[in-house]
Amino acid sequence: MISANNISVTTQSGKKILDDFSVSVKPGILTSVIGKNGAGKSTCLKAICGESDYSTGNIFFKDQNIADLKPSYLAKHRAVVSQKTTLDFSFSVEEVVNLGRSPLSGYFSSSADREIIESCLQKVGLLSLKNRSYVTLSGGEQQRVHIARALAQIWDAFESNEPSYLFLDEPLASLDVAHQHEIMHLLKQLSSKNVAVFIVIHDLNLAAQYSDNIIILKNGQKLTEGSPFEVLTEEIIFDAFDHPVNIIPHPKTECPLIISERVFDN
Numbered sequence: 375m376i377s378a379n380n381i382s383v384t385t386q387s388g389k390k391i392l393d394d395f396s397v398s399v400k401p402g403i404l405t406s407v408i409g410k411n412g413a414g415k416s417t418c419l420k421a422i423c424g425e426s427d428y429s430t431g432n433i434f435f436k437d438q439n440i441a442d443l444k445p446s447y448l449a450k451h452r453a454v455v456s457q458k459t460t461l462d463f464s465f466s467v468e469e470v471v472n473l474g475r476s477p478l479s480g481y482f483s484s485s486a487d488r489e490i491i492e493s494c495l496q497k498v499g500l501l502s503l504k505n506r507s508y509v510t511l512s513g514g515e516q517q518r519v520h521i522a523r524a525l526a527q528i529w530d531a532f533e534s535n536e537p538s539y540l541f542l543d544e545p546l547a548s549l550d551v552a553h554q555h556e557i558m559h560l561l562k563q564l565s566s567k568n569v570a571v572f573i574v575i576h577d578l579n580l581a582a583q584y585s586d587n588i589i590i591l592k593n594g595q596k597l598t599e600g601s602p603f604e605v606l607t608e609e610i611i612f613d614a615f616d617h618p619v620n621i622i623p624h625p626k627t628e629c630p631l632i633i634s635e636r637v638f639d640n
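Each residue of the sequence shown is one higher than the one before, starting from 375 at the first, in this note's numbering.
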């Protein structure tokens, strides 16, 4: 388990963008983080997975302070998909996914690594593009490549059923509706196999359908946390987003279905 205790993040100018935040990220649980733009969602994710400095608090990975752990050790158990990733070289799709294997196997992949890479590309629906240049792909395809790279990074732990951790910052932003559901279904499958999935997401209905746990942030603080049924209420969503919604049971799953109200007449 990764536990963050009373984490605060402050800018150089003294503005607090994450305030006294605590959470437990547990294998087997898909946690979604939602909130308005600027609520602190990405800051929260970066701090928890050790990719951002925090001014107060502590983060523990398997009862060890994350600050005391070597990045090479963390990389074998925890993978991160950032909002934006820039590559300076014209890698093939296969080579980009192979970057996820480097913490485990170095930069020269074995035949076993290549099989893992193909399995990961298959899971995100891109195996047929493995020899394509990464830079020629659409934005959505590039994002799916990075999800495959992250999966390749934690593959060994995943296959041996050891606890592993997958952090994703708005991975659905460039995807069409079909691929959004495909990726969320994949993440749900992973979470059922001892992977902790922690995802920043904007689509409230996707969060409602696939999440075990939802955290709502407001002004850098945790407004509430709980199951979709507990936290996705009309009152809480209005408080978090300053926007009225109607909520009805989904006709198939009965999870909350959020319908945004029209508030602008002209």
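Beta carbons are placed, not taken as given, at the ideal position from N, Cα and C, and that holds for glycine.
If you're wondering where the values come from, they're calculated on a predicted model, not measured in any experiment.
Which same chain residues end up closer than 8 Å to residue 554 when comparing Cβ atoms and leaving out the 5 residues on each side of it in sequence? For the purposes of this step, residue 554 is identified with residue 180 of the sequence shown, where counting begins at 1. Here the set comprises 546, 577, 580.
Let me confirm a value: residue 497 is counted as buried when at least 16 other C-beta atoms fall within 10 Å, else exposed. Which label applies? As a first step, residue 497 is located in the sequence shown; it is residue number 123 there, counting from the start. Under this definition residue 497 is a buried residue.
Could you give the C-beta distance for residue 464 and residue 509, rounded to a whole number, given that I count them as a contact under 8 Å? Taking the sequence shown and counting its residues from 1, the one referred to as residue 464 is at position 90. Taking the sequence shown and counting its residues from 1, the one referred to as residue 509 is at position 135. That belief holds up - the Cβ atoms of residue 464 and residue 509 are roughly 6 Å apart, short of 8 Å.
Would you list the one or two residues that DSSP bridges to residue 343? The first residue shown for the chain is 375 and the last is 640, placing residue 343 beyond what the model contains.
Considering only their Cβ atoms, is the gap separating residue 478 from residue 543 smaller than 8 Å? Position 169 of the sequence shown holds residue 543. Position 104 of the sequence shown holds residue 478. No, they are not a contact pair.
Straight-line gap, residue 494 to residue 563 (C-alpha atoms, nearest Å): In the sequence shown, counting from the first residue as 1, residue 494 sits at position 120. In the sequence shown, counting from the first residue as 1, residue 563 sits at position 189. Rounded to whole angstroms, residue 494 to residue 563 spans 13 Å at the Cα level.
Kindly confirm or deny that the region 617–624 and the region 591–604 touch, where touching means at least three C-beta pairs closer than 8 Å. no
Just to confirm before moving on: does the CB-CB distance between residue 402 and residue 614 stay below 8 Å? Indexing the sequence shown from 1 puts residue 402 at position 28. Indexing the sequence shown from 1 puts residue 614 at position 240. No, these two residues do not count as a Cβ contact at 8 Å.
Is residue 392 helix, strand or coil when you go by DSSP? Translated into the one-based positions of the sequence shown, residue 392 becomes position 18. Reduced to three states, the DSSP call for residue 392 is strand.
Report yes if the C-beta of residue 382 is less than 7 Å from at least one heavy atom of the ligand MN; otherwise report no. Because no ligand of any kind appears in the structure shown, any question about the ligand MN cannot be addressed here.
Tell me which residues share the same chain as residue 400 and place their Cβ nearer than 7 Å to its Cβ, disregarding the 5 neighbours each side in the sequence. Your numbering for residue 400 matches position 26 in the sequence shown. Excluding positions up to five away in sequence, the list reads 375, 570.
Cβ separation of residue 541 and residue 605, assumed to be a contact under 8 Å, to the nearest whole Å: In the sequence shown, residue 541 corresponds to position 167, counting from 1. In the sequence shown, residue 605 corresponds to position 231, counting from 1. So it is not a contact: roughly 20 Å between Cβ atoms.
For a minimum of 4 consecutive residues, which ranges assigned as the alpha helix (DSSP H) are wholly contained in the region 494–580? 513–527, 529–533, 551–565
Straight-line Cα distance separating residue 394 from residue 435: Working through the sequence shown from its first residue, we reach residue 435 at position 61. Working through the sequence shown from its first residue, we reach residue 394 at position 20. Roughly 18 Å separates the two Cα atoms.
Would you mind working out which of 429, 473, 565, 610 sits nearest residue 527, comparing C-alpha positions? To locate residue 527, count along the sequence shown from 1; it is residue 153. That would be 473, whose Cα lies nearest to the Cα of residue 527.
Note down, in chain order, each residue of its chain lying with its Cβ closer than 6 Å to the Cβ of residue 420, except the 5 sequence neighbours on either side. Counted from its first residue, the sequence shown places residue 420 at position 46. Here the set comprises 426.
Helix, strand or coil for residue 630? Go by DSSP, reduced to three states. Against the sequence shown, residue 630 aligns to sequence position 256. It is a strand residue.
What residue from 380, 559, 414 has the CA that sits closest to residue 398's CA? The residue given as residue 398 occupies position 24 in the sequence shown. Residue 398 has its Cα closest to that of 380, out of 380, 559, 414.
The alpha helix (DSSP H) with residue 378 in it runs from where to where? Taking the first residue of the sequence shown as 1, we reach residue 378 at position 4. Per DSSP, residue 378 belongs to no alpha helix (DSSP H); it is in the beta strand (DSSP E), 376–384.
Please go through the same chain and pick out, in chain order, the residues whose beta-carbon is closer than 6 Å to the beta-carbon of residue 631, but skip the five residues on each side of it. Taking the first residue of the sequence shown as position 1, residue 631 is located at position 257. Answer for residue 631: 622, 624, listed in chain order.
Cβ-Cβ distance between residue 514 and residue 549 below 8 Å: Within the sequence shown, residue 514 is the residue found at index 140, counting from 1. Within the sequence shown, residue 549 is the residue found at index 175, counting from 1. Yes; because the gap between Cβ atoms is below 8 Å, this pair is in contact.
Determine the contact status of residue 471 and residue 461, defining contact as a CB-CB distance below 8 Å. Position 97 of the sequence shown, counted from the start, is the residue given in the question as residue 471. Position 87 of the sequence shown, counted from the start, is the residue given in the question as residue 461. Not closer than 8 Å, so no.
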